[in-house]
Amino acid sequence: MRRMLASVGGVGLAVMLSQFPEYAQQYTQRLGGAVDELRIVTTDFDHAAEEAGLDRDGALDRYQASSDTFLADRGESMERTFVRYDQLSQTLQKIQGADPIERFRNLPAFLDTEIGRRTLENYQPAVPVTMEGLFYAAAGFGVGYLLLSALIRFCALPFRRRRVYYRS
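Residue numbers in the sequence shown follow our numbering, run continuously in steps of one, and reach 235 at the last position.
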(Lines of atoms letter the chains of each structure in order from A and count residues from 1; the text may use other names and numbers.)
(Lines give C-alpha, C1' and ligand atoms only; values in the text may rest on other atoms or scores of the structure.)
Protein backbone atom coordinates (compact mmCIF):
# COMPACT_ATOMS: atom_id res chain seq x y z
CA MET A 1 0.00 0.00 0.00
CA ARG A 2 2.83 2.37 0.92
CA ARG A 3 4.57 1.81 -2.41
CA MET A 4 1.38 2.42 -4.35
CA LEU A 5 0.69 5.71 -2.54
CA ALA A 6 4.32 6.77 -2.90
CA SER A 7 4.10 6.01 -6.63
CA VAL A 8 0.99 8.18 -6.90
CA GLY A 9 2.89 10.98 -5.15
CA GLY A 10 5.82 10.47 -7.48
CA VAL A 11 3.63 10.62 -10.57
CA GLY A 12 1.86 13.72 -9.25
CA LEU A 13 5.08 15.60 -8.66
CA ALA A 14 6.49 14.33 -11.96
CA VAL A 15 3.53 15.85 -13.81
CA MET A 16 3.89 19.13 -11.92
CA LEU A 17 7.65 19.48 -12.41
CA SER A 18 7.49 18.42 -16.04
CA GLN A 19 5.47 21.58 -16.70
CA PHE A 20 8.26 23.90 -15.55
CA PRO A 21 10.12 23.99 -18.90
CA GLU A 22 6.89 25.00 -20.65
CA TYR A 23 6.24 27.71 -18.07
CA ALA A 24 9.82 28.94 -18.44
CA GLN A 25 9.40 29.05 -22.23
CA GLN A 26 6.13 30.99 -22.01
CA TYR A 27 7.71 33.36 -19.47
CA THR A 28 10.73 33.89 -21.73
CA GLN A 29 8.46 34.65 -24.69
CA ARG A 30 6.47 37.20 -22.70
CA LEU A 31 9.65 38.74 -21.31
CA GLY A 32 11.15 38.95 -24.81
CA GLY A 33 8.00 40.68 -26.06
CA ALA A 34 8.13 43.21 -23.23
CA VAL A 35 11.82 43.90 -23.88
CA ASP A 36 11.16 44.37 -27.60
CA GLU A 37 8.37 46.89 -26.94
CA LEU A 38 10.42 48.81 -24.37
CA ARG A 39 13.33 48.86 -26.83
CA ILE A 40 11.07 50.55 -29.39
CA VAL A 41 9.98 53.19 -26.84
CA THR A 42 13.57 53.75 -25.67
CA THR A 43 14.97 53.99 -29.20
CA ASP A 44 12.20 56.38 -30.23
CA PHE A 45 12.89 58.63 -27.24
CA ASP A 46 16.64 58.59 -27.83
CA HIS A 47 16.12 59.37 -31.53
CA ALA A 48 13.80 62.30 -30.74
CA ALA A 49 16.28 63.63 -28.18
CA GLU A 50 19.12 63.32 -30.70
CA GLU A 51 17.14 65.26 -33.32
CA ALA A 52 16.71 68.03 -30.75
CA GLY A 53 20.46 68.03 -30.10
CA LEU A 54 20.17 66.32 -26.71
CA ASP A 55 21.15 63.05 -25.18
CA ARG A 56 18.76 60.99 -23.05
CA ASP A 57 19.78 62.62 -19.76
CA GLY A 58 19.52 66.10 -21.27
CA ALA A 59 16.04 65.38 -22.57
CA LEU A 60 14.95 63.99 -19.21
CA ASP A 61 16.40 67.05 -17.45
CA ARG A 62 14.39 69.29 -19.77
CA TYR A 63 11.21 67.39 -18.90
CA GLN A 64 11.90 67.64 -15.17
CA ALA A 65 12.84 71.32 -15.34
CA SER A 66 9.51 72.16 -16.95
CA SER A 67 7.03 74.12 -14.84
CA ASP A 68 4.27 72.09 -16.48
CA THR A 69 3.50 69.20 -14.09
CA PHE A 70 2.33 67.03 -16.98
CA LEU A 71 5.71 67.27 -18.70
CA ALA A 72 7.59 66.78 -15.42
CA ASP A 73 5.52 63.66 -14.72
CA ARG A 74 6.16 62.36 -18.25
CA GLY A 75 9.89 62.77 -17.65
CA GLU A 76 9.66 60.69 -14.47
CA SER A 77 7.58 58.11 -16.31
CA MET A 78 10.15 57.83 -19.09
CA GLU A 79 12.92 57.48 -16.52
CA ARG A 80 11.04 54.55 -14.93
CA THR A 81 10.56 53.08 -18.41
CA PHE A 82 14.31 53.16 -19.07
CA VAL A 83 15.06 51.52 -15.72
CA ARG A 84 12.48 48.80 -16.40
CA TYR A 85 13.90 48.23 -19.88
CA ASP A 86 17.39 47.75 -18.43
CA GLN A 87 16.14 45.38 -15.70
CA LEU A 88 14.07 43.25 -18.08
CA SER A 89 16.88 43.13 -20.64
CA GLN A 90 19.28 41.85 -17.98
CA THR A 91 16.75 39.25 -16.79
CA LEU A 92 16.21 38.06 -20.36
CA GLN A 93 19.96 37.66 -20.89
CA LYS A 94 20.25 35.66 -17.65
CA ILE A 95 17.39 33.35 -18.61
CA GLN A 96 18.57 32.78 -22.16
CA GLY A 97 22.05 31.88 -20.92
CA ALA A 98 20.88 29.67 -18.05
CA ASP A 99 20.92 25.88 -17.90
CA PRO A 100 17.80 23.95 -16.73
CA ILE A 101 18.94 23.75 -13.09
CA GLU A 102 19.75 27.45 -12.93
CA ARG A 103 16.36 28.34 -14.42
CA PHE A 104 14.65 26.18 -11.79
CA ARG A 105 16.62 27.81 -8.96
CA ASN A 106 15.44 31.21 -10.18
CA LEU A 107 11.77 30.17 -10.22
CA PRO A 108 10.82 32.43 -7.27
CA ALA A 109 12.21 35.42 -9.16
CA PHE A 110 9.98 34.54 -12.13
CA LEU A 111 6.87 34.40 -9.97
CA ASP A 112 7.53 37.70 -8.18
CA THR A 113 7.51 39.80 -11.31
CA GLU A 114 4.45 41.20 -13.02
CA ILE A 115 5.34 39.28 -16.17
CA GLY A 116 5.72 36.06 -14.17
CA ARG A 117 2.29 36.48 -12.59
CA ARG A 118 0.65 37.20 -15.94
CA THR A 119 2.39 34.18 -17.45
CA LEU A 120 1.04 32.00 -14.65
CA GLU A 121 -2.48 33.41 -15.12
CA ASN A 122 -2.44 32.53 -18.83
CA TYR A 123 -0.33 29.39 -18.58
CA GLN A 124 -1.23 26.54 -20.94
CA PRO A 125 0.06 23.11 -19.85
CA ALA A 126 1.97 21.11 -22.43
CA VAL A 127 3.27 17.58 -22.78
CA PRO A 128 7.03 17.56 -22.09
CA VAL A 129 8.80 16.01 -25.06
CA THR A 130 12.15 17.70 -24.59
CA MET A 131 15.03 16.21 -22.63
CA GLU A 132 14.65 19.02 -20.12
CA GLY A 133 10.97 18.19 -19.61
CA LEU A 134 11.74 14.51 -19.18
CA PHE A 135 14.52 15.38 -16.73
CA TYR A 136 12.13 17.42 -14.60
CA ALA A 137 9.51 14.65 -14.79
CA ALA A 138 12.03 12.02 -13.64
CA ALA A 139 13.30 14.26 -10.84
CA GLY A 140 9.74 15.01 -9.80
CA PHE A 141 8.86 11.33 -9.69
CA GLY A 142 11.90 10.50 -7.58
CA VAL A 143 11.40 13.33 -5.12
CA GLY A 144 7.64 12.78 -4.91
CA TYR A 145 8.05 9.05 -4.35
CA LEU A 146 10.63 9.55 -1.61
CA LEU A 147 8.71 12.32 0.15
CA LEU A 148 5.38 10.52 0.18
CA SER A 149 7.01 7.24 1.18
CA ALA A 150 8.77 8.95 4.09
CA LEU A 151 5.57 10.73 5.14
CA ILE A 152 3.55 7.51 5.10
CA ARG A 153 6.25 5.68 7.04
CA PHE A 154 6.40 8.49 9.61
CA CYS A 155 2.61 8.61 10.03
CA ALA A 156 2.50 4.83 10.43
CA LEU A 157 5.07 4.77 13.26
CA PRO A 158 2.50 4.85 16.10
CA PHE A 159 0.62 1.92 14.55
CA ARG A 160 3.61 -0.35 13.97
CA ARG A 161 3.62 -3.76 15.54
CA ARG A 162 6.11 -3.98 18.28
CA ARG A 163 8.34 -6.99 18.36
CA VAL A 164 8.57 -8.88 21.57
CA TYR A 165 12.02 -10.10 22.41
CA TYR A 166 12.35 -13.08 24.72
CA ARG A 167 15.44 -13.56 26.73
CA SER A 168 16.73 -17.03 26.80
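Backbone N, C-alpha and C define an ideal beta-carbon position, used for all residues, glycine too.
Could you tell me if residue i is buried or exposed, where buried requires 16 or more neighbouring beta carbons within 10 angstroms of its beta carbon?
i, result
"F226", "exposed"
"P175", "exposed"
"A223", "exposed"
"F137", "exposed"
"Y130", "buried"
"E118", "exposed"
"T186", "buried"
"F208", "buried"
"Y233", "exposed"
"A217", "exposed"
Taking residue i as the reference, give the member of the options with the closest Cα.
i, options, result
"F112", "R229, Y203 and S144", "S144"
"L201", "V78, F149, D128 and S133", "V78"
"A91", "T109, A206, L121 and A193", "A193"
"A165", "T95, V108, D124 and S74", "T95"
"N189", "S74, R70, Q93 and M83", "Q93"
"D153", "L98, A81, S74 and R228", "L98"
"S74", "L213, R220 and G142", "L213"
Please confirm whether any heavy atom of the ligand FAD lies closer than 7 Å to the CB of residue i.
i, result
"R97", "Among the components modelled here there is no ligand, and therefore nothing to report on the ligand FAD."
Would you check if the stretch 92–112 and the stretch 158–168 touch, i.e. whether three or more CB-CB distances between them fall below 8 Å? yes
Is it a yes or a no for the stretch 84–100 touching the stretch 164–174, going by three-plus beta-carbon pairs under 8 Å? yes
Mind pulling the alpha helix (DSSP H) runs of 4 or more residues that sit fully within the stretch 109–193? 123–132, 136–163, 167–172, 174–179 and 181–188
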